[in-house]
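In this note's numbering, the protein residues as written are 2 to 454.
Backbone N, C-alpha and C fix where the C-beta goes; we use that ideal spot for every residue, glycine too.
In this text, all values refer to a predicted model and were calculated from it rather than measured experimentally.
What follows is a short report on a single structure.
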Amino acid sequence: MSLSILRNNVMGQPILQNNKGSKITFLLFIFILVSVTSSFDIFLTFSIGGFTFRIAQFLLMFPIFLWFVNTIRSGLIKLPLGSVSLVIWTIFILVFVPNTTFWERNLGYFFWLVLNLCMVFSLVHFVNDLNKILTLIKWYIYSFLFVSIFGLIQFALGILGITPPFVTQWWVLGSLPRINGFSYEPSYYSTYLLIGWILVFYIYYENINLFSRRKLFVILMFITLAMILSSSRMAILLMVIWIMRYIFLFVWHLFKAQFHLKYFKVVLLYMSIMISLLGFVFYGGERTAFLLSGTGINGTSSHSVDARFENFTDTLNVFMKNPLIGVSLGGVAPAIGRLHGITVTDQETAKHFEGISIFAEVLAASGIIGFTFFMSYIFTIIFKPFILSKKINNQLISGLLKGMVFSLIGLLIILQFNQNILRLYLWLHIGILSALYSVSLKQLKNKMTLLSE
C-alpha cells in the first residue's frame, strides 16, 4: 500500500460502506474494534512486566499517534468536555507516583490513565461529525450484542455438558456456569453489559430512531438474558433500580390523570421477570439457595458483602491517614497492605489488597484536592450533555445524549462496589459521550448561526 493511499484511508476516506451508505473510515473502524474488544480481560491479552495489556489498548495506539501528530502539526488541540479538570487531576496522580512501596505499579497505572485520556482526546478529534458519531454508536451497541451472545453460548454449552471457553466460575461444576464472556469473572461481565443495557433500554422505550424498534427489542432481550444468567446480584439490583424509574414515571402520570402505555408495558414486562426470578430464588429451597450465597440474605453466609465492606473501609482508611497527599492509583493496594502490616512489592501480593469503590480509590490516590478536580470532571460530563440535550430540537441527538449519560451514571454507581477507575470500557464510554457532545454542540451552534443570518 502506498503512503498516499494509507494517508487517504487514515484521514477519512471510506474503507467500508454499509447498505444505507454510511461510510466507515479506517480510524472509525479502529474505534469500532476497540468497542468490540474493550471488555476482553482474558482473551487477546498480553502480559508485559507484570501488567496485562489488552488488544484494544494496542489498537488505540494508532489513532492516538495520529492525534498526537496532527496536534503537533496544527499547533491546536481540540479540548474534550471538562478536560481542564481531567488534566489537573491527572497531574495530581503523577505527582503522587513516588509515594508508595511499589512505584513500578504506580507508573504502570499512570501509563494506563494517560492512554485512556488520549483515547478520549482522539475520539473527540477524529469522530467529529454527525455521520461518524452515529455510525460509531450503532456499532458500539452491536458490541454489547456480540458479547451478550457469546455469554449465552457459554451458558448453553455448559448445560449441555460441553466445557465452554473462558468460563472462570461455576454454580454447579461442569453443568451450570456463571457466564463471564471475555471478562475476568461474572461481576466484571455484567458491569460492562450494564452500559449497553441502560443505553438500549432508554433509546428503545423513548422511541429514539437509531435502529428499528424490532432490532432494538431483540438486542435488549439478548443483553437482559445475558445479565440475568451472569447471576451478578449487584447488576440485577441496578436493573431493578433502573426499572423503578419507569414505575415512578408511570405513577407520577397517573396522579396527573394520564395513563402512559409505554411506561405500563415496561412495568408489566420487567416486574413480571423480576418477580418470577425472586420467586424462583427464594422459594426454590436448597436447589436455589446457592444463588444467594455470600449476600447474608435468607439465612445464607455474608462473606461477599463483608469482604466488600472491609475493602471499602480499608480504602477510606488509606485516605484518612493523609487526606492531602495521595498514593496515586497504583499505590492504593500497597497502602492497604501496609495497613495490614504487609510490604507490597510485587503484583501478586498487590492483588490481595485491592481497594473497592472507584470514588474511594480516587480519593485515596489523589488526596482531597485532586479528588475535587476529578469530581468536577464527573459532574461536567454528566450535567452539561444533559443540559445540551434540552436545547437541541432533534429527538435522535437529544435522546442519545440522555441515554449515554444515564448509562454512564449506572456504570459509576455499580463501580462503587467494584475496583479500578481505569477500566477501558468506562473511558471508552466517556470518550464516545464526549465526541457526541462535541458534535451536538457544533450542530447547535451552526443552527443558531443560520438563524441569526
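Inter-stretch contact (C-beta, 8 angstroms, three-pair minimum) for the region 219-229 and the region 150-164:
Cβ pair count under 8 angstroms is three or more, so yes.
According to DSSP, simplified to helix, strand and coil, what is I150?
In the sequence shown, the residue the question calls residue 150 occupies position 149. Of the three classes helix, strand and coil, the one that applies to I150 here is helix, per DSSP.
Excluding the 5 residues flanking R214 on each side, which residues of the same chain have their C-beta closer than 8 angstroms to its C-beta?
Sequence index remark: in the sequence shown, residue 214 carries index 213 (1-based). The answer, listed in chain order, is Y205 and N208.
At the level of alpha carbons, what is the spacing between Q420 and G83?
The residue labelled residue 420 in the question sits at position 419 within the sequence shown. The residue labelled residue 83 in the question sits at position 82 within the sequence shown. For the pair Q420 and G83, the Cα-to-Cα distance works out to about 23 angstroms.
Taking the Cβ atom as the reference point for each residue, do G50 and G331 lie within a distance shorter than 8 angstroms?
On the sequence shown, residue 50 is found 49 positions in, with the first residue counted as 1. On the sequence shown, residue 331 is found 330 positions in, with the first residue counted as 1. Result no, Cβ atoms of G50 and G331 do not sit closer than 8 angstroms.
Element boundaries [beta strand (DSSP E), containing F52]:
To locate residue 52, count along the sequence shown from 1; it is residue 51. Taken as a continuous stretch (DSSP letters only), the beta strand (DSSP E) holding F52 covers F52 to R55.
Residue nearest to S358 in terms of C-alpha spacing, selected from R309, K446, F97 and N132
On the sequence shown, position 357 is the one that residue 358 refers to. The candidate whose alpha carbon is nearest that of S358 is R309.
Report the three-state DSSP secondary structure of T136 (helix, strand or coil).
Position 135 of the sequence shown, counted from the start, is the residue given in the question as residue 136. Here T136 sits in helix by DSSP.
Give the straight-line distance between the Cα atoms of I43 and E355, rounded to the nearest whole angstrom.
Numbered from its first residue, the sequence shown carries residue 43 at position 42. Numbered from its first residue, the sequence shown carries residue 355 at position 354. In a straight line, the C-alpha of I43 is about 19 angstroms away from that of E355.
Span separating the alpha-carbon of T72 from that of I78:
Position 71 of the sequence shown, counting from 1, holds the residue named residue 72. Position 77 of the sequence shown, counting from 1, holds the residue named residue 78. Between T72 and I78, the C-alpha separation is close to 6 angstroms.
Taking 7 angstroms as the cut-off, does the CB of K443 come closer than this to any heavy atom belonging to the ligand FMN?
Absence of the ligand FMN from the depicted structure is noted, as is the absence of any ligand whatsoever, leaving it without description.
When we look at the beta-carbon of K403 and count the other beta-carbons within 10 Å, is it buried (16 or more) or exposed?
In the sequence shown, the residue the question calls residue 403 occupies position 402. That one is buried.
Counted within 10 angstroms of its Cβ, other Cβ atoms place P335 as buried (16 or more) or exposed
Reading the sequence shown from its first residue, position 334 is the one you call residue 335. P335 comes out buried.
So what's S231 in DSSP terms, helix, strand or just coil?
Within the sequence shown, numbered from 1, the residue matching residue 231 stands at position 230. Correct three-state label for S231: helix.
Spell out a yes or no on whether the region 125-132 and the region 434-443 are touching, meaning 3 or more CB-CB pairs, one atom from each, closer than 8 angstroms.
The region 125-132 makes contact with the region 434-443, as at least three CB pairs between them are under 8 angstroms.
So, under 8 angstroms CB-CB, P81 and F122 are touching, yes? Tell me the CB distance rounded to an integer number of Å.
For the purposes of this step, residue 81 is taken as residue 80 along the sequence shown, with counting starting at 1. For the purposes of this step, residue 122 is taken as residue 121 along the sequence shown, with counting starting at 1. F122 and P81 do touch by the CB rule: their CB atoms are close to 6 angstroms apart, below 8 angstroms.
With a threshold of 16 other CB atoms inside 10 Å of the CB of D347, please say whether the residue is buried or exposed.
Here residue 347 corresponds to residue number 346 of the sequence shown, with the count starting at 1. By the 10 Å Cβ count, D347 comes out exposed.
Is it right to say V252 is buried, meaning 16 or more other beta carbons lie within 10 angstroms of its own, or is it exposed?
Start at 1 with the first residue of the sequence shown, and residue 252 comes out as number 251. Under a 10 Å Cβ-count criterion, V252 is classified as exposed, with fewer than 16 other Cβ atoms of the shown protein chains found around its own Cβ.
Expressed to the nearest angstrom, what Euclidean distance is found between the alpha-carbon atoms of L427 and G197?
On the sequence shown, position 426 is the one that residue 427 refers to. On the sequence shown, position 196 is the one that residue 197 refers to. In a straight line, the C-alpha of L427 is about 12 angstroms away from that of G197.
For L177: DSSP bridge partner residues
For the purposes of this step, residue 177 is taken as the residue at position 176 of the sequence shown. For L177, which the question treats as bridged, DSSP gives the partners V173.
Just checking my contact of S191 with S233 at CB under 8 angstroms: how many whole Å lie between their CB atoms?
Here residue 191 is taken as the residue at index 190 of the sequence shown, counted from 1. Here residue 233 is taken as the residue at index 232 of the sequence shown, counted from 1. Taking the Cβ atoms as the reference, S191 lies roughly 4 angstroms from S233, within the contact range of under 8 angstroms.
Helix, strand or coil at F59 [DSSP, three-state]:
Counted from its first residue, the sequence shown places residue 59 at position 58. In the structure shown, F59 sits in a helix (DSSP, three-state: H, G or I).
Assign F273 to one of two classes, buried (16 or more other C-beta atoms within 10 Å of its C-beta) or exposed (fewer than that).
Residue mapping note: residue 273 aligns to position 272 of the sequence shown, counting from 1. Here residue 273 is Ser; the residue named in the question, Phe, does not match the sequence. Classification for S273: exposed.
For V328, count the other beta carbons within 10 Å of its own beta carbon; 16 or more makes it buried, fewer makes it exposed. Which is it?
As a working mapping, residue 328 is identified with position 327 in the sequence shown. Burial call: buried.
Helix, strand or coil for S277? Go by DSSP, reduced to three states.
What you label residue 277 is simply residue 276 of the sequence shown in a count that begins at 1. Reduced to three states, the DSSP call for S277 is helix.
Relative to the C-alpha of L423, which residue among Y141, A258 and F360 is closest?
One-based indexing of the sequence shown puts residue 423 at position 422. Of the candidates Y141, A258 and F360, the residue whose Cα lies closest to the Cα of L423 is F360.
Just the Cα atoms here: how many angstroms apart are I31 and F167?
Sequence index remark: in the sequence shown, residue 31 carries index 30 (1-based). Sequence index remark: in the sequence shown, residue 167 carries index 166 (1-based). F167 has its alpha-carbon roughly 25 angstroms from the corresponding atom of I31.
Where does V70 land, buried or exposed, given buried means 16+ other C-beta within 10 angstroms?
Stepping through the sequence shown from its first residue, residue 70 is reached at position 69. An exposed status is given to V70, since fewer than 16 other beta-carbon atoms sit within 10 Å of its beta-carbon.
Determine, using beta-carbon pairs with one atom in the region 174-181 and one in the region 257-264, whether at least three such pairs fall under 8 angstroms.
Taking a cut-off of 8 angstroms on C-beta distances, the region 174-181 does not touch the region 257-264, as fewer than three cross pairs fall below it.
Could you have a look at T26 and say whether DSSP puts it in helix, strand or coil?
Numbered from 1 along the sequence shown, position 25 holds the residue referred to as residue 26. Three-state DSSP puts T26 in a strand.
Using a Cβ-Cβ cutoff of less than 7 angstroms, which residues in the same chain neighbour L95 once the five nearest sequence positions on both sides are dropped?
Numbered from its first residue, the sequence shown carries residue 95 at position 94. Excluding sequence neighbours, L95 sits near F111.
L445 beta carbon less than 8 angstroms from that of K458
Only positions 2 to 454 of the chain appear in the structure, and residue 458 is not among them; the question remains open.
In the structure shown, what three-state DSSP assignment does I431 receive?
In the sequence shown, residue 431 corresponds to position 430, counting from 1. Helix.
If you follow the beta strand (DSSP E) that T46 is part of, which residue opens it and which one closes it?
Within the sequence shown, the letter at position 45 stands for residue 46. Residues T46 to I49.
Burial state of E362 (16 or more Cβ within 10 Å)
Here the question's residue 362 lines up with position 361 in the sequence shown. Around the Cβ of E362, a 10 Å sphere holds 16 or more other Cβ atoms; the residue is buried.
Give me the Cα-Cα distance between I242 and L217, rounded to the nearest whole angstrom.
Stepping through the sequence shown from its first residue, residue 242 is reached at position 241. Stepping through the sequence shown from its first residue, residue 217 is reached at position 216. One C-alpha to the other measures close to 21 angstroms.
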